[in-house]
Structure formats: C-alpha cells, structure tokens
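Peer 1: Dumping the structure here so I can ask a few things about it.
2 protein chains.
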Amino acid sequence: MNIVDGLKWRYATKHFDVTKKLNKDQIEYLKQAVNYIPSSYGLQPYKVLIVEDGEIRKRLSEAAYGQPAITEASQLFIFVNYTEYGTEKVDEFLKLGAETNNYPVEKTENYKNMINGVISSLSKVQLSNWTAKQAYIGLGALICAASEQQIDICPMEGFDKEKFDEILGLKERNLTSACIGAVGYRSPEDTNQFLKKVRKPMEELFETI
Amino acid sequence: MNIVDGLKWRYATKHFDVTKKLNKDQIEYLKQAVNYIPSSYGLQPYKVLIVEDGEIRKRLSEAAYGQPAITEASQLFIFVNYTEYGTEKVDEFLKLGAETNNYPVEKTENYKNMINGVISSLSKVQLSNWTAKQAYIGLGALICAASEQQIDICPMEGFDKEKFDEILGLKERNLTSACIGAVGYRSPEDTNQFLKKVRKPMEELFETI
Chain A
1 MNIVDGLKWR YATKHFDVTK KLNKDQIEYL KQAVNYIPSS YGLQPYKVLI VEDGEIRKRL
61 SEAAYGQPAI TEASQLFIFV NYTEYGTEKV DEFLKLGAET NNYPVEKTEN YKNMINGVIS
121 SLSKVQLSNW TAKQAYIGLG ALICAASEQQ IDICPMEGFD KEKFDEILGL KERNLTSACI
181 GAVGYRSPED TNQFLKKVRK PMEELFETI
Chain B
210 MNIVDGLKWR YATKHFDVTK KLNKDQIEYL KQAVNYIPSS YGLQPYKVLI VEDGEIRKRL
270 SEAAYGQPAI TEASQLFIFV NYTEYGTEKV DEFLKLGAET NNYPVEKTEN YKNMINGVIS
330 SLSKVQLSNW TAKQAYIGLG ALICAASEQQ IDICPMEGFD KEKFDEILGL KERNLTSACI
390 GAVGYRSPED TNQFLKKVRK PMEELFETI
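If you read the sequences in order, they're chains A and B.
The first sequence begins at 1 in the working numbering and counts up one residue at a time.
The second sequence begins at 210 in the working numbering and counts up one residue at a time.
In structure tokens:
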C-alpha cells in the first residue's frame with residue numbers, strides 16, 4: 001500500500017485487539033523507518049522507548065487519563081527527547097560521521113563550532129522544544145510506515161508528561177517524554193474506524209505562491 | 210519503493226537540478242500525504258505554502274544564508290504554524306467533523322470544552338510550539354512520501370524565521386514559519402549523494418522495556 005492509501009486507511013485507533021501482536025519483522029521495519037528519517041544536522045537528539053511490559057503500561061495508563069490504547073496496543077513507541085545537549089554529543093556524532101565515511105574528524109572543526117554555537121544559543125526550554133520537534137518528525141515517519149504496512153497506530157500527546165518522565169526514569173537521564181505512537185491491530189468493536197476522515201479542504205491547508 | 214528503502218535512498222540534497230521540475234501528479238501526491246497525516250485532535254493547526262515564485266525565493270534565500278536548495282529546488286513546501294488559536298477555529302473544525310459524519314454538532318459540546326480548555330491553558334510560546342510540533346509531523350510525512358516516490362527532499366529549519374515571516378506576510382495572519390521541505394531532483398554534481406548515511410546504532414536509538 002502506498003503512503004497516501006495507507007494514511008487514508010489509517011484512523012485514530014482508540015481500542016486495540018489485545019490478542020493480536022506485531023511480529024519481530026514488523027517491529028524491525030517500524031524501527032528502521034524511524035532510524036532513517038532525518039533530523040536536524042542528523043543528530044537524532046532523542047530516543048525511542050518501545051514499551052511492552054504490562055506493569056509499566058498499567059502505570060503509564062493512569063498518567064494518560066486511562067486511555068485504553070496505552071494498555072491494549074501491541075507496543076508503545078514513546079519518543080523521548082533530550083533536555084540537555086552537551087558538546088560531547090556533537091563530538092560523538094561527528095566521530096560517527098567521520099568513521100562511517102572514512103575522513104579525518106578534524107575536517108569537521110568548523111561544522112562542529114557552528115552546531116555547538118547554535119545549540120548553546122538556545123535556552124533550556126528552546127533546546128527541549130527543538131529536540132522534541134525532531135522527535136515529531138520521527139513520529140510522522142512511524143505513522144507513515146505503520147500505515148503503509150496496515151499496522152494500526154494511534155499517535156498520542158495527551159498524557160501527563162511529568163508522571164511519564166517519573167515512571168520511565170527520564171529526568172536523571174536528561175530526557176523527557178514528547179509523544180507516543182501506540183501500534184497494533186484495531187479492535188473490531190472500535191467504532192471510530194467507521195467514521196469518515198475529517199480534513200480541511202485542500203485549498204485551505206495549501207497555498208501556492 | 211517502500212518507505213524504508215525510500216528513506217535509505219534519500220539524502221540531504223544540497224544542490225538540485227534546476228532543469229527538472231515535479232509534475233502536477235507528484236505535487237498532488239505530496240499534498241495528499243501531508244493532508245492525511247494526523248495532528249493533535251485532528252485540528253491541522255498549520256498551513257503549507259508551496260513556493261514556486263522565483264522572486265520570492267530569491268528573497269527567502271537571503272534569509273536562509275544563501276542555501277542553494279531554496280532557489281534550486283522544484284518547489285518549497287514551507288510549513289507555517291498558527292501563533293494564535295481561537296475558539297472559532299475549534300468551532301469550525303467540529304462543524305466540519307459533524308458535517309462529514311452527519312451528526313449534530315451539539316453532540317460535541319463536551320469535547321469542544323475539553324479542547325478549548327487545553328488550548329487556553331497554553332502560553333503564547335507554548336501554543337506556538339504545540340502547533341509547530343504538529344507541522345513537524347507533517348514534515349515527516351512529506352519526507353516519507355517524497356522518498357517513497359524517489360523525489361529528492363531537503364528538510365530545513367536553519368533559516369531566519371523572522372525574515373521569512375516578514376517576506377511571506379505571516380505575522381498579520383497569526384502564522385509563523387516552522388520548517389521547510391525543499392523538493393525536486395538532485396543535481397548530479399551534488400557530492401553529498403555519494404556519502405554513506407550516518408545513523409546511531411539501533412541499540413542506542415531504541416530501548417525495549
């Protein structure tokens with residue numbers, strides 16, 4: 001299924017079929033899509049926690065106003081973004097680039113200074129919003145990849161982020177929860193699947209100049 | 210090409226072939242992908258300006274540190290997000306939903322109050338970051354759709370947003386520029402296409418719990 005057909009098929013799954021789980025290849029495919037989607041400078045300034053554990057999900061569910069997708073989905077892909085981004089992370093990234101493409105890392109000195117200059121100019125809140133935005137590109141890729149494969153997905157950002165951070169032990173790792181993609185298979189009883197998709201007229205969303 | 214193969218094929222195109230333009234069907238396909246990608250509550254709190262005009266792009270290029278993609282690409286998809294989001298926009302969205310699915314809009318009273326409650330609790334900066342994040346999901350979809358179709362795309366956020374807003378007349382419309390997808394065809398002379406993709410090891414990006 002191409003992306004557009006996949007996205008037309010997709011809907012915001014509220015209830016998942018708890019008896020149906022994704023297989024390893026499907027999970028691997030989704031991970032690859034998120035891995036290969038680009039991010040600012042290529043830094044990938046976030047992580048993705050794939051939560052399967054039932055006990056943790058029960059606790060997360062309470063911090064997400066009891067939304068059933070949290071416990072019913074096959075997996076939760078929780079995007080967590082960095083709240084601090086030190087020069088050592090940029091060094092690591094440039095080293096990886098130099099190794100991958102076989103050039104001396106010293107060649108990237110000016111580029112390094114440029115990236116560090118941009119990052120150090122951000123306030124703590126700005127930095128966290130910037131890294132979160134990169135995670136949202138990743139969420140977009142996850143939604144596309146799942147829909148292409150006819151895997152149901154419910155993107156979520158309506159949850160208590162502080163409580164999520166606490167349950168997942170994120171604060172001490174300079175990470176914070178950004179958004180979730182709950183993936184799995186729709187329950188036949190989820191009536192949302194029968195609703196028509198609601199979208200603005202194209203001429204309202206787009207303007208060509 | 211599936212999404213993962215498309216994303217592997219894609220690279221951050223720095224130089225486009227100015228003689229090659231997307232056709233109408235390709236542009237329509239990219240628009241559909243952005244249109245069908247979900248957003249918070251389904252509100253789509255952003256617009257996408259598709260910029261073709263050479264004069265405007267020359268001015269934008271100056272506000273984007275002369276990055277060649279701005280003038281060389283076939284089209285620029287500029288995502289611009291709302292900086293204000295009044296209750297009338299929520300009303301409009303709920304009316305569209307009621308019309309599309311043929312139920313009385315009065316049925317959505319509680320839902321309306323919930324959405325308005327969440328939005329009104331945001332500061333101006335928080336609101337703008339929230340609407341921008343939705344635009345970034347759209348950028349993720351644009352990147353996936355272009356890559357699937359083997360259309361080159363360079364996502365960009367390194368530009369002077371204030372100058373962009375001024376050139377595009379966004380401020381008076383309560384909009385601000387978030388991010389860009391420059392689409393077209395790679396120049397054979399763009400040496401970036403020969404570099405290997407640099408990505409974190411999968412076990413660093415993902416953690417399964």
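Think of the CB as a built atom: it goes at the ideal place given N, C-alpha and C, for glycine as much as any other residue.
Give the DSSP-derived three-state secondary structure of residue 421 of chain B in the structure shown.
Peer 2: Limits of chain B in this structure are 210 at one end and 418 at the other, which puts residue 421 of chain B out of reach.
Peer 1: When Cβ atoms are compared, which residues of the segment 31-57 of chain A fall closer than 7 Å to chain B?
Peer 2: Those residues of the segment 31-57 of chain A that come within reach of chain B (Cβ to Cβ, closer than 7 Å) are 31, 32, 33, 35, 36, 37, 38, 40, 42, 44, 47, 48, 49, 50, 51, 52, 53, 56.
Peer 1: Flag this pair as yes or no: are the beta carbons of residue 250 of chain B and residue 324 of chain B separated by less than 7 Å?
Peer 2: Yes, Cβ-Cβ distance for residue 250 of chain B and residue 324 of chain B is below 7 Å.
Peer 1: Taking all protein chains shown into account, do 16 or more other C-beta atoms lie within 10 angstroms of the C-beta of residue 309 of chain B, making it buried, or fewer, making it exposed?
Peer 2: Residue 309 of chain B should be labelled exposed.
Peer 1: How about residue 210 of chain A: is its C-beta nearer than 7 Å to some C-beta of chain B?
Peer 2: The requested residue 210 of chain A is not part of the displayed model; chain A covers only 1 to 209.
Peer 1: Around the Cβ of residue 379 of chain B, are there at least 16 other Cβ atoms within 10 angstroms (buried) or fewer (exposed)?
Peer 2: Its Cβ being crowded by 16 or more others within 10 Å, residue 379 of chain B is buried.
Peer 1: Give a yes or no on whether the minimum CB-CB distance between residue 195 of chain A and chain B is below 7 Å.
Peer 2: Yes, because at least one Cβ of chain B sits closer than 7 Å to the Cβ of residue 195 of chain A.
Peer 1: Start and end of the alpha helix (DSSP H) containing residue 36 of chain A?
Peer 2: Its alpha helix (DSSP H) spans residues 24-36.
Peer 1: Hey, residue 377 of chain B and residue 258 of chain B are a contact pair by Cβ (cut 8 Å); roughly how many whole angstroms apart?
Peer 2: That belief holds up - the Cβ atoms of residue 377 of chain B and residue 258 of chain B are roughly 6 Å apart, short of 8 Å.
Peer 1: For residue 107 of chain A, would you say it is in contact with chain B, using Cβ-to-Cβ distances shorter than 7 Å as the test?
Peer 2: Not an interface residue.
Peer 1: Ends of the alpha helix (DSSP H) at residue 435 of chain B?
Peer 2: This structure cannot settle anything about residue 435 of chain B, because the visible part of chain B is limited to 210 through 418.
Peer 1: Nearest chain A C-beta to residue 310 of chain B closer than 7 Å, yes or no?
Peer 2: By this cut-off, residue 310 of chain B is an interface position.
Peer 1: Is it the case that the Cβ atoms of residue 386 of chain B and residue 399 of chain B are separated by a distance below 7 Å?
Peer 2: Contact flag unset, no.
Peer 1: I'd like to know whether the C-beta of residue 191 of chain A is nearer than 7 Å to at least one C-beta of chain B.
Peer 2: No - not a single Cβ of chain B is within 7 Å of the one on residue 191 of chain A.
Peer 1: Please name the residues in the segment 360-390 of chain B whose beta-carbon is closer than 7 Å to at least one beta-carbon of chain A, in chain order.
Peer 2: Residues passing the 7 Å Cβ filter: 364, 366.
Peer 1: By the criterion of Cβ-Cβ separation under 9 Å, what are the contact partners of residue 280 of chain B in chain A?
Peer 2: The premise fails here: residue 280 of chain B is roughly 15 Å from chain A at the closest Cβ pair, so nothing lies under 9 Å.
Peer 1: Does residue 230 of chain B get closer than 7 Å to chain A when you measure Cβ to Cβ?
Peer 2: No - not a single Cβ of chain A is within 7 Å of the one on residue 230 of chain B.
Peer 1: Could you confirm whether any beta carbon from chain B is found closer than 7 Å to the beta carbon of residue 183 of chain A?
Peer 2: No, because no Cβ of chain B sits closer than 7 Å to the Cβ of residue 183 of chain A.
Peer 1: Does any residue of chain A have a CB that is nearer than 7 Å to the CB of residue 348 of chain B?
Peer 2: It does; some Cβ of chain A falls within 7 Å.
Peer 1: Thinking C-alpha only, which one of A:208, A:65, A:156, A:201 is nearest residue 180 of chain A?
Peer 2: For the residues A:208, A:65, A:156, A:201, the minimum Cα distance to residue 180 of chain A belongs to A:156.
Peer 1: Quick check: what's the CA-CA separation for residue 236 of chain B versus residue 91 of chain A?
Peer 2: Those two C-alpha atoms are separated by around 38 Å.
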